[in-house]
Ligand SMILES: [Zn+2]
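Right under this line is the structure:
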């Protein structure tokens, strides 16, 4: 008798006290999350989607964005004209989808950031193939994957799961890859196409949303199959000289020019984006055959890869094309203006205040059908 039982009681009480918060935490963690499948009302037409700004490849971007293969992502501005701010690259959370059913990390609501929804869906929408919306504001139904290996191509950065496109884009890339050896180019290293259901991405591109955009490295394919790790780690090569406004003749070859010319010659190609220095090099070497040059547009970045954009394919109702480029070769004043724009400038003494990042695009900003695409199973 005496103190022992009291001490035992006190110890037990203390232990219970200490254990309580832990037990509460464990209990909370063990409670299953509520199902995220939406009620049917979410599938219905949402608020009217704002009309995407008319996209030109002449509007400077507002934020730096890493692009496929860029060695110095911070130096490569976002591409092809969208004004959407793009977050710096972070490792994307693992895509939780499996077995054809999309699962989401946040509830699917009209105000939810579209990139959090589309960026986490690992499987395509089992619907008829259709590019919906605009290149920088839309989604993709019935996507097809470009196989990660072909006879004359290899897909890079496999962890991103961005080798999905409209079947027209996949067919185009296979055709271009088959033509490569005849142009003196062993094969294509293929960068980002689109996510399985298109839409905005957690990192990188503002466009590439409707399965009609593809990045192709300006580094030729090596004479062997790259390992998965090499496909993550290998850096693409910039074609630029140190001055930033000319191609480096030690790197830029006639085969590069032949490949881009061939890529531009297909009728379904709407535009090809390249760095102004590359456009200038193509202008210089083109000779009398110049019609294809009108589709090759100077743009920020794009000296590690070129970017092919296809027209809206037949049957893609709700796909909004970009205005066709002018018919001229764009080799005079236009390319000179672009070279002046991209010329590296000395750092200002007082760094500019960083612009406040725009809020991410909500799901309601996409065409209403994109909800159906997102939720299809
Ligand atoms: Zn691109």
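In my numbering, the protein residues as written are 35 to 411.
C-beta: ideal position from N, C-alpha, C; glycine also.
Pairwise C-beta distances place the region 139-159 in contact with the region 220-239, as three or more of them are shorter than 8 Å. Inter-residue distance for residue 166 and residue 312 is about 31 Å (C-alpha atoms, whole angstroms).
Around the C-beta of residue 241, 16 or more other C-beta atoms lie within 10 Å, and the residue is accordingly described as buried. Residue 295: member of the alpha helix (DSSP H) spanning 288-299, first to last residue.
In the DSSP assignment, the residues bridged to residue 171 are 168. Proximity of the beta carbon of residue 249 to ligand 1 is indicated: a heavy atom of the ligand is located closer than 6 Å. Under the criterion of beta carbons closer than 8 Å, residue 366 and residue 328 do not qualify as touching, at roughly 12 Å. Positions of the alpha helix (DSSP H) runs, each at least 4 residues long and wholly inside the region 176-228, are given as 201-213 in order along the chain. Remark: the C-beta of residue 341 is in contact range of ligand 1, defined as less than 6 Å to any heavy atom. Nearest neighbour of residue 377 by Cα position, chosen from 198, 277, 171, 259, turns out to be 277.
Following the DSSP letters along the chain, one finds residue 368 inside the alpha helix (DSSP H) bounded by residues 367-376. Under the three-state reduction of DSSP output, residue 304 falls in the strand class. Straight-line spacing of the CA atoms in residue 142 and residue 400 works out to 13 Å.
For residue 343, the beta-bridge partners assigned by DSSP are 247, 305. Put simply, the region 306-324 touches the region 332-340. At least three CB pairs are less than 8 Å apart. Per DSSP, the beta bridge partners of residue 353 are 167. Judged by their CB atoms, residue 190 and residue 265 are nearer to each other than the 7 Å cut-off.
The alpha-carbon separation between residue 342 and residue 404 amounts to approximately 23 Å. Burial of residue 304 is indicated by the presence of at least 16 other C-beta atoms within 10 angstroms of its C-beta. Residues 208, 211 of the same chain have their beta carbon placed closer than 7 Å to that of residue 184, with the five preceding and five following residues left out of the count. When the beta-carbon positions are compared, residue 396 and residue 145 come within less than 7 Å of each other.
In the three-state reduction of the DSSP assignment, residue 310 falls in the helix class. The criterion of a C-beta distance shorter than 7 Å is not satisfied by residue 286 and residue 332.
In terms of Cβ geometry, residue 200 and residue 246 form a close pair [threshold 7 Å].
For residue 265, the uninterrupted alpha helix (DSSP H) segment begins and ends at 262-267. Going by beta carbons, residue 226 and residue 249 fall inside the 7 Å limit. Each residue's CA atom was taken as its position, placing residue 379 and residue 192 some 35 Å apart.
With contacts defined by Cβ atoms closer than 7 Å, residue 186 and residue 221 form a contacting pair. Between residue 324 and residue 168, the gap from beta carbon to beta carbon reaches 7 Å or more. Here residue 267 is exposed: its Cβ has fewer than 16 other Cβ atoms, across all protein chains shown, within 10 Å. Under a 10 Å Cβ-count criterion, residue 136 is classified as buried, with 16 or more other Cβ atoms of the shown protein chains found around its own Cβ. Looking only at 259, 179, 216, 178, the smallest Cα-Cα distance to residue 188 is reached by 259.
When rounded, the separation of the alpha-carbon atoms in residue 263 and residue 362 is 43 Å.
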